[in-house]
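Yeah, the sequence shown ends on 101 if you go by our numbering, and it's all consecutive.
Cβ coordinates follow ideal geometry from the N, Cα and C atoms, glycine included.
First the structure, in the form of structure tokens, and then the observations on it.
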Amino acid sequence: MNNLDKTGHSTEHEDILVEELVSVGAFNIVLYNDDVNSFDHVIECLVKYCNHDAIQAEQCAWIVHLKGKCSVKSGSYDDLEPVCVALCDKGLSAQIEMN
3 MNNLDKTGHS TEHEDILVEE LVSVGAFNIV LYNDDVNSFD HVIECLVKYC NHDAIQAEQC
63 AWIVHLKGKC SVKSGSYDDL EPVCVALCDK GLSAQIEMN
């Protein structure tokens, strides 16, 4: 059955495309700079939750500090959601964004 929006256009194809985007690696966790968290805390969280090695985590922390934000992990929305929640629970400013 086709779903129609208020203009009479089918939304079924759009729904399938959104579902495909959610299931493939079309998303990033973006970490934002703040004035609260220390470099060490950010690095520890990236190692623990994003599976970064210490060098990668430090590089991301510097990018966040200097540029204001950094993409720290890519993947499907379903895979990234618990990681992003964990980062936010640890006080970091992070969100999932589409590529």
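query: Element boundaries [beta strand (DSSP E), containing L94]; result: Premise fails: L94 is in no beta strand (DSSP E) and is neither H nor E.
query: Integer-rounded CB distance, given that Y51 should sit under 8 Å from A28; result: Incorrect: roughly 20 Å between the Cβ atoms, too far for contact.
query: Supposed close pair K71, N30 - CB separation, criterion 8 Å; result: About 10 Å separates the two Cβ atoms, so there is no contact after all.
query: Proximity winner among N53, N39 and D36, relative to D81 (alpha-carbon distances); result: N53
query: CA-to-CA distance, S78 to E46, given in whole angstroms; result: 23 Å
query: Runs of alpha helix (DSSP H) wholly within the stretch 17 to 88 (minimum 4 residues, chain order); result: 41 to 52 and 56 to 69
query: Nearest residue (CA-CA) to V38, options N101, E99, G93 and K69; result: G93
query: CA-to-CA distance, I98 to L48, given in whole angstroms; result: 15 Å
query: Rounded separation between V66 and D42 - CA only; result: 13 Å
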